[in-house]
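Step one of this worksheet: look at the structure below.
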Amino acid sequence: MGKRISTCIRKFIPFTGSTPTTSTATMGVDVTEEYANAFRTESYLDFWTRVVALSNSESTKPTCKSMESTTAARLPSYRLFAEHLLDPDQPMVTRILSLICNHPINHVLLSDYFTQTADASILCGLLLNDINRTRVKYQSIKSTLQSLNDHSAPKTLIRLIRFTPILSLIRIQATQAGCSNLLKRLESTRDKARAKLQLVKKLRVGSTIFLVALTASLSVIVVTHAIALVVAMPAFIAASLDLASPKRLIKMTSQLDAATKGTYILNRDLETVSRLVARLNDELEHMRRMVKFWVERGEEDWSQAGGELARQLKKNDCSFRQQLDELEEHLYLCFMTINRARNLVILLLPSPPTMADISKVKVTGKTHVKPNKKIGSQKCQLVTFDLPYLAFYYNQKLLFYKGGEFEERVKKLKEGLEVVLGEFYQLAGKLGKDDEGVFRVEYGDEMEGVEVAEAAAEEISIADLAVEEGTSALKDFIPYNGVLNLEGLHRPLLAVQLTKLKDGLAIGCAFNHAILDGTSTWHFMSSWAEICNGSKSISTKPFLDRTQARNRRVKLDHSPPPSNGDVPANGKKDPNLRERVFKFSEAAIDKIKSTVNANPPSDGSKPFSTFQSLSVHIWRHVTQARQLKPNDYTVFTVFADCRKRVDPPMPDAYFGNLIQAVFTVTAAGLLSANPPEFGASMIQKEIEGHNAKAIDQRNTEWEISPKIFEFKDAGVNCVAMGSSPRFQVYEVDFGWGKPEGVRSGSNNRFDGMVYLYQGKSGGRSIDVEISLEAPTMEKLEQDKGFLVAEN
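In the UniProt record's numbering, the protein residues as written are 1 to 791.
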């Protein structure tokens, strides 16, 4: 096998240095003939063409002339392999997985598969680097032995004794262990999917036989009524047994089977690499012991000893270099087989509506909408409640509606926006600073107003947007991804994107979070809908004087970012972060609340509210899924509305940020070991204790030492609650019915961020958007205590 691979490589790689003309008794590469045949293909040749192209691009860089490599002397560095030859690369894979709607278990397994194969490719690159260093070291040993003299020999040989093999088995074994564990998980899940598929097929066959029997034995009238039952029977049975459709099960099985085969081959490859590395290390150890033997003999004629050592090394020279070549060739083969398997799995993934990235959501035009009346020049100072959010990102919301003529709806939305901006004119302005460096909202009639983009995604349906998994894929429907609030100094404070769907309309809005909170956001949205729905004016005007809540001038030394700078979402989105929507019915919410209130604590706590009950339920189960140590701290953070807490109280229509973070801290062990009322009681005390005095104290401390909030300020191992089920998001009716769904965008997401929304089913139902690291999300999805309450 090694010889065949060498022959193929030599078609493309010009060799330097000598190569053995006869084969020696070396260990062969342990893979099957079928596996070998898989690489005598055009894709294999294409891979090596890429290798040569990379090596040619590196040819101008200085190289070591003494490496004696028969395969890698003209090949690019291991870093170039890891970065440029992994196909598809990890950022692309992460993007694809975030776009598709796949079964949660499949999603986690495939994500782990791509991570594991990427790690293996990096390992191959590191081993190539080790081979290079070994060649250099080996050549140095030979040169040293050939030039020994009586004066330098003792010290030189002692240094050679201290030489240790540099091809480490530790990382190989760790990667191999990861592959073995992943292989077991893939095989187990694949076999379960196959079993379900067989069961569904048997149910269908059984129903067909039953139908034939009925047709033969019953009268026409009876049969007519029975057929409907028989045809529906497999679906009823499958639903009761939690079975997916045959097509979906076939797709799941195909994906898992491809990943399983790829992992199996990779595992075999790593076994071979491990043996080849062990063999090389044994050879290097033999050399070291040989030198040690001569040192311990204490020869007087050191030049004679050096000559003898050199002769013995020369005797094994061809074999040793051939072993290095064989390992090197197999590592290149590993690169190729990793890519081949990764591409095969990608091809078997479902084709999501947004699989072609943004190409299926095309912005067709942009305009700006201004208030329909003259406002004049207006300046409104940002207050202490607003300023900490300057370094957050624009707050994104997405609503989608069924049916209707797109152009008519766009016209209606723009006309309604003109009217509502007459009252909410601050959203049509910009951020600014006065002469003392105090931030404010500035508005002038000459300003451009709100940015409104029109887009088309006519292959995408409402159902595609209503996915519960991977909500970050919705970011293409909302403007200002990764845009900081500070950029409001030169950007509109509100941007809207209206996207035409296959069967409806998506309205994506990005609000500058430095000038308004969730309460003000949904006040604006409901007012806009009110105008579009036929009202001449809005029922509740915004209260625009922020200084009534806090009138302290705070200077911040924050410069605007470059006007042409594109900032990635949340700086850089963690590729391991997953988002999912959990839908809790009214019955589930009542069950959670009843459980938490079953044994009220003896400290005189009041009955726990729905919010407190759901909060502790989420906090406890997320903490358990994170598998924290008992002494690890965990923080529950809620952004509390302070409109009725400040003194004097502010009206509900107060426009701006009037929220503060309230923190509840405890040890993970205490939270998990105690009943839910333990955590609920702590949350209740912190929220109720956040009164006007506490708010004023927090503001005063911040004004003395201002600090712009960052995500890490939410707390260690945090669960942070944003939005609120009190917001009537499903009452935002622009004249064509309630929205089919409401989602948050990709901005302001981090591990532990939770958004609560009113449930679409109404009543006390609640939709919970959670962002967690992938392993934590997987455990949460499998947590029956958490999921039972969902049903």
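Glycine is no exception: its CB is placed at the ideal position from the N, C-alpha and C atoms.
Checklist entry - Out of S771, K500 and C380, which has the shortest C-alpha to C-alpha gap to D476? => result Of all alpha-carbon atoms in S771, K500 and C380, the one lying nearest the alpha-carbon of D476 is that of K500.
Item to check | L126 versus K502: straight-line alpha-carbon distance, rounded | outcome: Taking C-alpha positions only, L126 is separated from K502 by approximately 49 Å.
Next on the checklist: I'd like the list of long-range same chain contacts for Y78, defined as Cβ closer than 7 Å, with 5 residues on each side in sequence excluded.
Outcome noted: Confidence in Y78 is poor, its pLDDT being 44 and thus under 50, which makes the residue's placement too unreliable to answer from.
Checklist entry - What does a CB cutoff of less than 6 Å around S527 pick up in its chain, not counting 5 residues either side in sequence? => result Excluding residues within five positions, the ones whose Cβ falls inside 6 Å are V420 and I538.
Checklist entry - Using DSSP with H/G/I as helix, E/B as strand and the rest coil, what is S180? => result Residue state, collapsed to three classes: helix.
Checklist entry - At what residues does the beta strand (DSSP E) containing G403 begin and finish? => result Unbroken run through G403: none, as it is neither H nor E.
Item to check | Spatial distance of L97 from E579 (CA atoms) | outcome: Whole-angstrom Cα-Cα distance: 12 Å.
Item to check | Sequence-distant residues of the same chain with beta carbon closer than 7 Å to K362, five excluded per side | outcome: These residues qualify, in order along the chain: A455 and A456.
Item to check | Contacts around H107, its chain only, beta-carbon distance under 7 Å, and the 5 residues preceding and following it disregarded | outcome: Counting only Cβ-Cβ distances below 7 Å, and skipping sequence neighbours, we find L97 and E469.
Checklist entry - Distance, Cα to Cα, K192 vs L182? => result Cα-Cα distance, rounded: 15 Å.
Checklist entry - Which same chain residues, not among the five before or five after Q255, have their C-beta less than 7 Å away from its C-beta? => result Same-chain partners within the cutoff: N106, L110, V345, L348 and L349.
Checklist entry - Hey, N631 and A673: beta-carbon distance below 7 Å or not? => result Not in contact: N631 and A673 (Cβ atoms no closer than 7 Å).
Checklist entry - Name the DSSP bridge partner or partners of V363? => result Paired residue(s): A455.
Item to check | Beta-carbon spacing of A514, Y389 below 7 Å | outcome: Yes. Within cutoff.
Checklist entry - So what does DSSP say about M525, is it helix, strand or coil? => result M525 falls in the helix class under three-state DSSP.
Checklist entry - Would you call the stretch 716–728 and the stretch 684–697 in contact, with 3 or more CB pairs under 8 Å? => result Between the stretch 716–728 and the stretch 684–697 there are fewer than three C-beta pairs closer than 8 Å, too few to call the two in contact.
Checklist entry - According to the neighbour-count rule (16 or more other Cβ atoms, all chains shown, within 10 Å of its Cβ), is I170 buried or exposed? => result Classification of I170: exposed, given that the 10 Å Cβ count is below 16.
Next on the checklist: On the CB-based measure, 16 or more other CB atoms within 10 Å of its CB, does I704 come out buried or exposed?
Outcome noted: By the 10 Å Cβ count, I704 comes out exposed.
Next on the checklist: Bridge partners for C509 per DSSP, in chain order?
Outcome noted: In the DSSP secondary-structure assignment, C509 is bridged to K397 and V496.
Next on the checklist: By DSSP's criteria, V635 is part of a beta bridge. Which residues make up the other side?
Outcome noted: In DSSP, V635 forms a bridge with V665 and C718.
Checklist entry - So what's S705 in DSSP terms, helix, strand or just coil? => result DSSP, reduced to helix, strand and coil, places S705 outside both helices and strands of the structure shown, so it counts as coil.
Item to check | Alpha-carbon spacing of S594 relative to T189, whole angstroms | outcome: Answer to the nearest angstrom: the Cα atoms are 36 Å apart.
Item to check | Cβ neighbours of D733 in the same chain (closer than 7 Å, five flanking residues each side left out) | outcome: A529 and N533, listed in sequence order.
Item to check | Residue environment, A440, which counts as buried when at least 16 other CB atoms sit within 10 Å | outcome: Reading off the sequence, residue 440 comes out as Arg, not Ala. So R440 counts as buried.
Next on the checklist: Once the 5 residues before and after Q173 are set aside, which same chain residues still bring their CB inside 8 Å of it?
Outcome noted: Contacts found: S274.
Checklist entry - Which residues mark the beginning and the end of the beta strand (DSSP E) in which R743 is found? => result That run of the beta strand (DSSP E) goes G741 to S744.
Checklist entry - Quick one: what does DSSP say R578 is sitting in, helix, strand or coil? => result Strand at R578.
Item to check | Environment of F293 [buried if 16+ CB atoms lie within 10 Å] | outcome: Looking at its Cβ environment, which holds fewer than 16 other Cβ atoms inside 10 Å, F293 is exposed.
Checklist entry - With DSSP run on the structure shown, which of helix, strand or coil describes M92? => result Residue state, collapsed to three classes: helix.
Checklist entry - If you count every other CB in all the chains shown that lies within 10 Å of the CB of N551, and 16 or more means buried, which is it? => result Counting C-beta atoms within 10 angstroms of its own C-beta, N551 has fewer than 16 neighbours from the protein chains shown and is therefore classed as exposed.
Checklist entry - Nearest to W702 by CA position, among F524, V383, H330 and P492, is which residue? => result For W702, the closest alpha carbon among the candidates F524, V383, H330 and P492 is that of V383.
Checklist entry - Count the other CB atoms within 10 Å of the CB of P651; is the residue buried (16 or more) or exposed (fewer)? => result Result: exposed.
Checklist entry - Distance, Cα to Cα, T94 vs S180? => result Using only the alpha carbons, I get a separation of about 23 Å.
Checklist entry - What do you get for G762, buried or exposed, if any count of 16 or more other CB atoms within 10 angstroms of its CB means buried? => result Flag for G762 reads exposed.
Next on the checklist: Judging by CA-CA distance, which residue of L484, R743 and D87 is the nearest neighbour of F709?
Outcome noted: Comparing Cα-Cα distances from F709 to each of L484, R743 and D87, the minimum goes to L484.
Next on the checklist: With H, G and I counted as helix, E and B as strand and the rest as coil, what does DSSP make of Y264?
Outcome noted: Under the three-state reduction of DSSP output, Y264 falls in the helix class.
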